[in-house]
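Each remark here refers to the structure printed beneath this line.
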Amino acid sequence: MPEKDTLHRFLIEDTAVRGEWVHLDATFRALRANADYPPPVLRLLGQALAATALLTATLKFEGSLTLQVSGGHPVTLLVMQARANGSLRGLAHWDSEAELPEQGDLFGPDAQLVMTLDPGQGRERYQGIVPLESGDLAKALEGYFRQSEQLPTRLWLACDGQAAAGLLLQEMPRREDSAAPRDEDAWRRLEALTDTLDERELLDLPVETLLRRLYHEEGVRLLEAEPVRFQCDCSAERVEAMIRGLGAEEARDIVRREGGIEVHCEFCNARYHYDAIDVDTLFREPASVTHPKGEH
Ligand SMILES: [Zn+2]
């Protein structure tokens, strides 16, 4: 059995190629529990989850990374967000009237993948728009690395509706002062070896077994496990700040019309409820006083 909710980095000795392996279990099931996803959408969600976990480990940063695919059909929205602390959350929207293909493109020709890197602490965000050919997330992200980072990168993603897994290979830039001759063939050789991997192996094999199976003629150095988990960062404090942002008049108006203010977090299914008295209190007291009523 593979380790659960874990990411491992690894290095192929005597080459400039490094890799990552990720397996997501409880994290994937937490996402799955949030909506009644049809199997093809669920698999796509799992692939996006695995890709996001791999990318977060690749692009060293402190803030958050968000992948968003929109403008497509029958899957109209896919959002996956990871933070530097190892937490992940995501969701998908789809047209419930549409016929979903079991295999192949669920986004259609008009979808666009936007990758946003937010370094946090008020620093400038970076946004990259990646074309999404034939709905293939792995190919689109490989294209991103080719264009934006100029690093040869490959991703292999798998999801069977129970767990999600992924593997990433990347060739690091060669140091100018390096005396060792470059193994010109290494990237192509490792790419071809990894292409022999099937989805079942990626999902079922422990990382040591998988790397031995793929690269038994190479020297592989496996680095320590890093935990990956699902955690939504919504909170009563954030919801209350949003209600304050509406202003007292509009907030009270909603309470009059609807009997209260109901906020549902689509990422984790938490529900926050504020009745007339809560709303009155929110606008009477200083912002530091909160009345958490969130239920997870
Ligand atoms: Zn939430």
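Numbering (the numbering used here), first residue to last: 29 to 324.
Glycine included, every Cβ here is placed at the ideal spot set by N, Cα and C.
Next on the checklist: According to DSSP, simplified to helix, strand and coil, what is residue 224?
Outcome noted: coil
Next on the checklist: Residues in the same chain with beta-carbon distance under 6 Å from residue 192, minus the five sequence neighbours each way, listed in chain order, please.
Outcome noted: 52, 56, 74, 77 and 78
Checklist entry - Which two residues bound the contiguous beta strand (DSSP E) that contains residue 156? => result 154-159
Item to check | Cβ neighbours of residue 132 in the same chain (closer than 8 Å, five flanking residues each side left out) | outcome: 162 and 163
Checklist entry - Relative to the C-alpha of residue 36, which residue among 84, 43, 63 and 44 is closest? => result 84
Checklist entry - Could you check where the alpha helix (DSSP H) with residue 213 kicks off and where it finishes? => result Unbroken run through residue 213: none, as it is neither H nor E.
Checklist entry - Ends of the alpha helix (DSSP H) at residue 182? => result Not the alpha helix (DSSP H): residue 182 falls in the beta strand (DSSP E), residues 181-187.
Item to check | Local conformation of residue 38 per DSSP, three classes | outcome: strand
Item to check | Contiguous beta strand (DSSP E) assignments of at least 3 residues, all confined to the stretch 239-268 | outcome: 248-255
Checklist entry - Beta carbon of residue 68, beta carbon of residue 145: below 8 Å? => result no
Item to check | Cutoff 6 Å; reference residue 296; Cβ partners in own chain excluding five residues on either side | outcome: 260
Checklist entry - Would you report the Cα separation of residue 180 and residue 243, rounded to the nearest angstrom? => result 19 Å
Next on the checklist: Under 7 Å: does the beta carbon of residue 296 sit that close to some heavy atom of ligand 1?
Outcome noted: yes
Checklist entry - Between which two residues does the alpha helix (DSSP H) containing residue 298 stretch? => result Run containing residue 298: none; DSSP gives neither H nor E here.
Checklist entry - Three-state secondary structure (DSSP) at residue 270? => result helix
Checklist entry - Whole beta strand (DSSP E) runs in the stretch 61-142 with 3 or more residues, listed along the chain? => result 92-98, 103-111 and 115-122
Checklist entry - What's the C-alpha gap between residue 272 and residue 157? => result 34 Å
Checklist entry - Candidates 54, 42, 62 and 274: which alpha carbon is nearest residue 325's? => result In this structure the chain extends from 29 to 324, so residue 325 is not present and cannot be described.
Item to check | Local conformation of residue 144 per DSSP, three classes | outcome: strand
Next on the checklist: Within the continuous alpha helix (DSSP H) that includes residue 277, where are the two ends?
Outcome noted: 276-286
Next on the checklist: Between which residues of its own chain and residue 324 is the CB-CB distance below 6 Å, once the five residues before and five after are set aside?
Outcome noted: Confidence is the limiting factor: at residue 324 the pLDDT is only 48, short of 50, which leaves the residue's position unreliable, though a coordinate-based value still follows. So the list reads 298, once near-sequence residues are dropped.
Checklist entry - Among 107, 101 and 300, which has the Cα closest to the Cα of residue 125? => result 101
Item to check | Separation of residue 111 from residue 151, as counted between CA atoms | outcome: 15 Å
Item to check | Segment limits, beta strand (DSSP E) that includes residue 48 | outcome: 45-52
Checklist entry - So with Cβ pairs under 8 Å, would you call residue 138 a contact of chain D? => result In the structure shown, chain D cannot be found, because there is only a single protein chain.
Checklist entry - With 16 as the cutoff for other CB atoms within 10 Å, does residue 48 come out buried or exposed? => result buried
Checklist entry - Can you find a heavy atom of ligand 1 that lies under 7 Å from the Cβ of residue 260? => result yes
Item to check | Host beta strand (DSSP E) of residue 192 (start-end) | outcome: 192-199
Next on the checklist: Using 8 Å for Cβ pairs, my map puts residue 30 next to residue 310. What's the rounded Cβ distance?
Outcome noted: At roughly 47 Å, the Cβ-Cβ gap does not stay under 8 Å, so residue 30 and residue 310 are not in contact.
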